[in-house]
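Everything below concerns the one structure shown next.
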Ligand code: GLA
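In the working numbering, the protein residues as written are 0 to 517.
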């Protein structure tokens with residue numbers, strides 16, 4: 000027993016226990032530091048990709064690394080994402096960013112590793128795409144951070160500006176030129192519009208879409224980038240042609256293409272537009288989506304509606320927020336002359352018909368001064384046939400939709416010009432009653448739409464959405480019409496009709512458009 004006690008005491012000695020604990024702890028630390036060296040990724044990183052106009056497209060990664068965990072945010076042009084998932088560390092990491100966008104969620108994923116003072120990163124739009132490689136460098140803390148929300152005004156009814164008694168007609172740069180639009184292009188488009196018969200047919204607005212902006216000067220005035228050296232001179236030029244000039248901005252800090260938005264500068268921007276001689280503003284939600292909820296849209300749009308009115312210059316106000324929150328119900332109240340009802344159109348039969356034929360329920364909301372906008376025309380952009388473009392033109396006219404050509408007016412074929420300047424179809428679009436047409440009959444791929452016109456007249460369009468031609472019949476009694484005079488608006492001919500109906504062969508993806516009077 001005596002001999003055992005010292006051994007027992009030795010084992011329990013505090014010195015011995017400390018050494019063991021120390022050993023274990025050092026082992027844990029050694030293991031941990033071997034796998035997650037540090038917090039080297041922590042900081043604000045930026046990728047600056049030059050645009051051709053002297054501005055930069057920016058992607059920010061604001062990272063906080065704690066061992067194997069990376070948190071923080073990612074900003075890609077106007078999109079702000081919170082990092083919701085990460086693996087790895089400085090030697091190689093993957094981060095996933097998530098943002099709320101109305102009712103849905105958007106995600107981005109970046110892979111990367113630290114290389115000296117740089118962060119080498121890559122991302123893919125879709126899993127099947129090749130990755131885009133980028134180099135990020137350290138940026139000052141706070142640069143590119145999500146700005147604060149603006150206080151929102153109480154809602155009131157913005158007085159009607161008296162404009163757009165019929166749907167606006169003109170041209171917009173986006174569908175064809177996107178970020179390649181510049182001063183010279185706009186001037187030559189105005190030249191074309193003023194001399195090719197479009198102006199006489201009613202096309203008036205020459206609208207510059209996104210990517211004209213640079214930053215702001217020290218007083219907060221919006222600056223144009225080097226593609227637009229002098230906006231006032233450009234407006235003067237367009238006005239001398241008897242046309243009007245439109246511009247584009249966003250209630251958010253950034254536009255869809257990541258350019259400067261009007262956030263916090265609404266009054267100032269409206270004054271600038273008026274001073275330049277701008278006649279039309281398209282105001283695109285885009286960069287506002289991370290700061291505000293959809294329910295807050297009316298207040299944001301009202302700020303600019305009021306600001307435009309305050310300038311005293313007649314400026315058509317075009318709301319672009321893709322038809323969210325049933326904009327047709329409140330767009331007029333915030334001063335809107337027109338409001339987009341859907342996402343972006345593409346030059347494709349599917350896209351055009353999905354949008355155009357999907358407008359039926361919105362008919363009650365169109366009225367003089369306030370129009371549903373199913374987006375700009377794709378006529379002449381090349382991916383649809385002439386028959387399909389006639390369907391596009393006819394459908395937009397039936398819908399009392401704005402007619403904003405989206406093609407290169409300087410080089411279009413005579414056939415495309417003829418479609419865009421069909422006076423009889425334009426007269427339907429521009430009918431002063433401003434009543435939007437509706438579908439009155441449908442069977443499979445065939446649809447008949449009618450639109451009430453001023454006087455004793457009605458537009459009737461027989462659409463064949465099928466891949467084969469189809470014989471279609473319209474019965475006057477079904478439309479509540481008895482004696483009729485019928486004119487074909489694409490043949491430019493009166494049609495001899497006998498009896499209670501009219502039967503005609505409609506080409507595949509085509510239309511027969513009639514004006515019926517009694
Ligand atoms: C959005 C709009 C388009 C166009 C682009 C510009 O996508 O819906 O019509 O204005 O932004 O960036």
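Even for Gly, the Cβ is constructed at its ideal location relative to N, Cα and C.
- Going by C-alpha positions, residue 87 is about 6 Å away from residue 67.
- In this structure, ligand 1 has a non-hydrogen atom nearer than 6 Å to the beta-carbon of residue 173.
- 374 is the residue among 228, 290 and 374 whose C-alpha sits nearest the C-alpha of residue 394.
- In this structure, the straight-line span from the alpha carbon of residue 249 to that of residue 413 is close to 36 Å.
- Of the candidates 47, 466 and 351, 466 places its Cα closest to the Cα of residue 443.
- Residue state for residue 248 is assigned as strand, using DSSP reduced to three classes.
- The C-beta separation of residue 337 from residue 318 comes to about 7 Å, placing the pair in contact by the 8 Å criterion.
- Per DSSP, residue 282 is not a residue of any alpha helix (DSSP H); the beta strand (DSSP E) it occupies stretches across 279-283.
- For residue 236, the uninterrupted alpha helix (DSSP H) run begins and ends at 230-239, by DSSP.
- Distance check between residue 355 and each of 364, 367, 368 and 340 places 340 closest, using alpha-carbon atoms only.
- Spatial neighbours of residue 57 in its own chain (CB-CB distance under 8 Å, excluding positions within 5 residues in sequence) are listed in chain order as 45, 46, 47, 48, 74, 76, 143 and 257.
- Of the residues 510, 107 and 177, the one whose Cα lies closest to the Cα of residue 207 is 177.
- Relative to ligand 1, residue 256 has its C-beta within less than 6 Å of a heavy atom.
- Annotation note: the stretch 289-374 contains the following uninterrupted alpha helix (DSSP H) runs of length 4 or greater, listed N- to C-terminal: 296-309 and 348-355.
- In terms of Cβ geometry, residue 346 and residue 323 do not form a close pair [threshold 7 Å].
- Here DSSP, grouped into helix, strand and coil, assigns residue 197 to helix.
- Inside the stretch 149-192, DSSP marks whole alpha helix (DSSP H) runs of 4 or more residues at positions 173-176, from first to last along the chain.
- The C-beta of residue 461 has 16 or more other C-beta atoms within 10 Å across all chains shown, which makes the residue buried.
- Closest in alpha carbon position to residue 398, among 476, 447, 406 and 156, is 447.
- According to the DSSP assignment, residue 117 belongs to the beta strand (DSSP E) that extends over 117-122.
- Secondary structure note for residue 460: it is in no alpha helix (DSSP H), and the uninterrupted beta strand (DSSP E) holding it is 456-463.
- Close CB contacts of residue 464 within its chain, under the 8 Å cut and outside five residues either way in sequence, are with 352, 356, 444, 445, 446 and 508 (chain order).
- Within 6 Å of the C-beta of residue 128 there is not a single heavy atom belonging to ligand 1.
- Contact between residue 246 and residue 272 holds, since their C-beta atoms are separated by about 6 Å, short of 8 Å.
- Around the beta-carbon of residue 154, fewer than 16 other beta-carbon atoms lie within 10 Å, marking it exposed.
- In the structure shown, residue 102 adopts coil according to DSSP, grouped into three states.
- Residue 116 and residue 65 have their alpha carbons spaced roughly 19 Å apart.
- Not one heavy atom of ligand 1 sits closer than 6 Å to the Cβ of residue 90.
- Of the heavy atoms belonging to ligand 1, none sits nearer than 6 Å to the Cβ of residue 84.
- In the DSSP assignment, residue 272 falls within the alpha helix (DSSP H) that extends over 265-275.
- Counting C-beta atoms within 10 angstroms of its own C-beta, residue 493 has fewer than 16 neighbours from the protein chains shown and is therefore classed as exposed.
- Counting the other CB atoms within 10 Å of its CB gives residue 189 a total of 16 or more, which places it among the buried residues.
- In the displayed model, residue 413 falls within a helix according to three-state DSSP.
- Within the model, the alpha-carbon separation for residue 433 versus residue 366 is close to 5 Å.
- Look at residue 293: its beta carbon is at least 6 Å from all of the heavy atoms in ligand 1.
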